[in-house]
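Quick note on numbering: the numbering used here labels position 135 of the sequence shown as 135, and the sequence is numbered without any gaps.
Quick reminder that beta carbons are idealized off the backbone N, C-alpha and C, glycines included.
Here the structure is a predicted model, which is why all the values come from computation and not from measurement.
Structure first, commentary second.
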Amino acid sequence: MNAIADTGLRRGAPVKRAVSIEALIGWAFQREFASVDFDQVNTARDPSPNVGMEYIILKRAELGCRVDGGGRSDPHPDADAVADALSVLPEGVGGRAMALRIAELARLGQSHDWGNDTRLSCRPRAWRRCKHGEFAETEPCGEVKYLSRGRVRRVELRVCPVVYYGHSTQVATLRKSYMLWVMALRDLRDTFRIYGGLTSHEVTAELPPLQPWREIV
């Protein structure tokens, strides 16, 4: 028995590349320049309001092409599949806003920020520029009077409004948004693992940690 028979692969059968869902999305938007187009997917949908990623993937498998009624076909079919799946991301994991956020992070090659580098800081609320450089903006807050050489003099008091960054509320917001991002990736991962729809890739179970801050000692 030859090596091909031993591995259970048919001669000429394509070998799919195992990849995490985050890496797959990064490849689709960085290397293949995929784009999320909500309008194209909406025009190809069934009239039912309950259509989701499963429908798009099954239709792609049935037709062997992107469900968009035509248009560009430059990206790899798997990249288009990723973009289509993102375009119907359920509202329970962020919907369209999260889809755009995932695509944006993928193009930048970044993961979602969860506040790991956030430090409490106090900064001026606004800045002003002049020929001498950049300075924190101030505003009047009263005046004081004092006697100098027999004359009453007035001096305006000014204060610099500040904003505190990195407090617990901001960190909590970042972490909540991060967890929703991971849950959206999990939704995409499970959809591709259950329904397939990819020609050259096989999505693994790997996901970013849901609460990485708990792993920090």
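Counting the other Cβ atoms within 10 Å of the Cβ of I194 gives fewer than 16, which makes it exposed. Note on T173: under 16 other CB atoms within 10 angstroms of its CB, so exposed under the neighbour-count rule. Assignment of L24 by DSSP, reduced to helix, strand and coil, places it in the helix class. The C-beta distance from E143 to P161 rounds to 18 Å, too long to fall under 8 Å, and the pair is not in contact. Boundaries of the alpha helix (DSSP H) around F192: 168-195. Taking C-beta atoms as the reference points, L210 and L185 fail to come closer than 7 Å.
Relative to L198, the option among D190, A79, G95 whose CA is nearest is A79.
A straight line joining the alpha-carbon of A18 with that of T191 spans about 15 Å. When the beta-carbon positions are compared, F29 and A81 stay at least 7 Å from each other. Residues T204, E206 of the same chain have their beta carbon placed closer than 6 Å to that of S20, with the five preceding and five following residues left out of the count. DSSP, read as helix, strand or coil, puts G133 in strand. If you look at G142, you'll find it in the beta strand (DSSP E) that goes 139-148. With contacts defined as CB atoms closer than 7 Å, V36 and A97 fail to qualify as a contacting pair.
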